[in-house]
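Undergrad: Here it is, the structure, as structure tokens.
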Amino acid sequence: MKRQCHIIRELEKAEKIEEMYKTTGYLTKRDKIRISEKGMIDKNGKVTTDEEEIKVLWKEYIEELYCTHDFNGRIDLEDEDSKGPRILRDEVKRAIKDLRDKKTVGSDGIPAEVLKALGESAIGRLTDLINKIYDTGEWPDDFLKTIMMPLPKKRCQVRT
């Protein structure tokens, strides 16, 4: 460990930043644990490691959490006068500008960098789409899809 720290300091002095971070990564690297290896606790407190059972548990958990079984894709809007102002083009531009680069894409497959490269015409069309959704309360089916990425807890946090 001391030797690796010395190497890191030497790499920093030599301004070999990429190699320095690579060496640092080896020191801080954690083993990735799959949920199926660690297990998941069901409603009865029983730990299961069976992948099919874990899928069912996640499905039940998400449905309970978000009440997906009652949602029909339409949101009842308030009185027309109390909805508030329309979404502005500048608000859409600001939201796109604030997106972080080099992040994993969502289910739409569109990276932030592509959205940031949109011209004024495309931003106008996107703003119109957002306002249409806002006005009607009807969400496109693609907007209702979510990819859930469960983040496992530390091994010691599984109750047995």
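In the UniProt record's numbering, the protein residues as written are 1 to 160. Beta carbons are placed, not taken as given, at the ideal position from N, Cα and C, and that holds for glycine.
Give a yes or no on contact between the segment 94 to 114 and the segment 53 to 66, applying the rule of three or more CB pairs nearer than 8 Å.
TA: Short answer: they don't touch.
Undergrad: Pull the bridge partners of V47 from the DSSP assignment, please.
TA: Note: V47 sits in a beta bridge opposite I41.
Undergrad: Thinking just about the alpha-carbon of each residue, which of K102, K97, P140, K93 is nearest to the one in T127?
TA: Nearest C-alpha to T127: K93.
Undergrad: Cutting at 8 Å between CB atoms, please list the residues of its own chain near T146, excluding the five before and the five after it.
TA: Hits under 8 Å: S107.
Undergrad: In the structure shown, what three-state DSSP assignment does T160 receive?
TA: Unreliable placement is indicated for T160, whose pLDDT of 43 sits below 50; the coordinate value is still reported in the next sentence. Looking at T160 - three-state DSSP - the assignment turns out to be coil, as it is neither helix nor strand.
Undergrad: Can you tell me whether M148 is buried or exposed? The criterion is at least 16 other CB atoms within 10 Å of its CB, across all chains shown.
TA: Exposed: under 16 other Cβ atoms inside 10 Å.
Undergrad: Just to confirm, are R89 and I54 a CB contact at a threshold of 8 Å?
TA: Taking 8 Å as the Cβ cut-off, R89 and I54 do not qualify as a contacting pair.
Undergrad: With a 10 Å radius around its C-beta and 16 neighbouring C-beta atoms as the bar for buried, classify M40 as buried or exposed.
TA: The residue in question, M40, is buried, as its Cβ has 16 or more Cβ neighbours within 10 Å.
Undergrad: Any idea what DSSP makes of T127, helix, strand or coil?
TA: If DSSP states are grouped into helix, strand and coil, T127 belongs with the helices.
Undergrad: Starting from the C-beta of T24, find all residues in its chain whose C-beta is less than 8 Å away, skip the five residues before and the five after it, and write them out in chain order.
TA: Only I8 meet the Cβ criterion.
Undergrad: Sorry if obvious, but does the Cβ on K116 come closer than 7 Å to a heavy atom of the ligand GDP?
TA: Although the ligand GDP was asked about, the structure shown includes no ligands whatsoever.
Undergrad: Could you tell me which of K116, K38, K132 sits nearest to D101, measuring between CA atoms?
TA: Among K116, K38, K132, the Cα nearest to that of D101 is on K116.
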